[in-house]
Amino acid sequence: MGNLKFPTLLIMTSTSFFLGLLFSLFPYDYPLLWEAGPVPAAHLDAVEANYKLLYHCPKICFQIFHFMILVGLGALIAKLYKPSESNMLFDGGSLVLFMVAVIIYLSNIAKGLRIVDRGVYGIGMPDQPAEGEQESGVPWGKGDGSAGSSVLGREDNLKVLGASNTILALVLLGVLVLQVGQWYAERADEKTMKEYAEKEAQEAKEAAGKSDRATSPKEGRKNK
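Residue 226 is where the sequence shown starts when you use this note's numbering, and the numbers rise one by one after that.
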């Protein structure tokens, strides 16, 4: 895919980064969401341990994650500066989908990671840690502070996280599809304009040739 603009490359890089992260969670989410029968307790333990590991990742991982969010948003906003009709359609739609992804992350995934880390299934997240306790882990997001805001059990909470990951992946795929669609549409327009310009040049050349042939006999008679 040649001739991609730099902001488009940034958007696709950021989106692909998040899709890669979500794909790494797919082996954990698939048995929860799509396999028939009860989910083995061992798999629930593995999913929970994986999410706890993610919640307690080094701060550099947290910083890279949020930096990539800013890269994607910044590139989309930059492309919408003095927008054309194509920008409004493709980049406007991409920005809406990207913001939907951010909202899903903040409202479902960040809060879900905190619930999994504390094991407060069916209780909800308090506004602050209990007195004398220090909140640990990377600050992935803040809950809304509503006691009893989560009334789901352990398995259901993990299923909600898995479903959120799947929805997030589909939304981000939509961003990629729009960006690739914009690139293809612009390339097709450029090809059409180039062919039209070449056709006009050829017609002008042929018209000039006919004009020269029409004037040549007259000049010959004058010379006689």
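A virtual CB, placed ideally from N, CA and C, is assigned to each residue, including glycine.
query: Mark P364 as exposed unless 16 or more other C-beta atoms lie within 10 angstroms of its C-beta, in which case mark it buried.; result: Below a pLDDT of 50, predicted positions are generally treated as unreliable, and P364, at 47, falls in that range; the measurement from the model is reported next regardless. Answer is exposed; the Cβ neighbour count stays below 16.
query: To the nearest whole angstrom, what separates the beta carbons of S389 and I329, a pair I think is in contact under 8 Å?; result: 6 Å
query: Span of the alpha helix (DSSP H) holding P232?; result: 231 to 258
query: For H268, which residues in the same chain have their Cβ closer than 7 Å to its Cβ, ignoring the five residues on either side in sequence?; result: P256
query: So what does DSSP say about A274, is it helix, strand or coil?; result: helix
query: Output the boundary residues of the alpha helix (DSSP H) element that contains K532.; result: Limits of the chain in this structure are 226 at one end and 449 at the other, which puts residue 532 out of reach.
query: Is the Cβ-Cβ distance between A326 and V396 less than 8 Å?; result: yes
query: Helix, strand or coil for L269 per DSSP?; result: helix
query: Throw me the rounded Cβ distance for the G337 and N275 pair, which I believe falls under 8 Å.; result: G337 to N275, Cβ: 13 Å. No contact.
query: Among I334, L244, K284, which one has its Cα closest to the Cα of G399?; result: L244
query: Beta-carbon within less than 6 Å of L320's beta-carbon, same chain only, minus the 5 sequence neighbours each way: which residues are those?; result: L301
query: Determine the burial state of Y306: buried for a count of at least 16 other Cβ atoms within 10 Å of its Cβ, exposed for fewer.; result: exposed
query: Run through DSSP, which three-state label would G318 get?; result: helix
query: How long is the line joining the alpha carbons of I340 and S332, rounded to whole angstroms?; result: 12 Å
query: Distance check for T238 and D254, CA to CA, integer angstroms please.; result: 24 Å
query: What's the call for P252, buried or exposed, on a 16-neighbour Cβ count within 10 Å?; result: exposed
query: By how many angstroms is the C-alpha of G406 removed from the C-alpha of T417?; result: 16 Å
query: If you draw a straight line from the C-alpha of E310 to the C-alpha of G317, how long is it?; result: 10 Å
query: By alpha-carbon positions, which one of A303, G297, L314, R343 ends up nearest to F323?; result: G297
query: Classify S311 as helix, strand or coil using the three-state DSSP reduction.; result: helix
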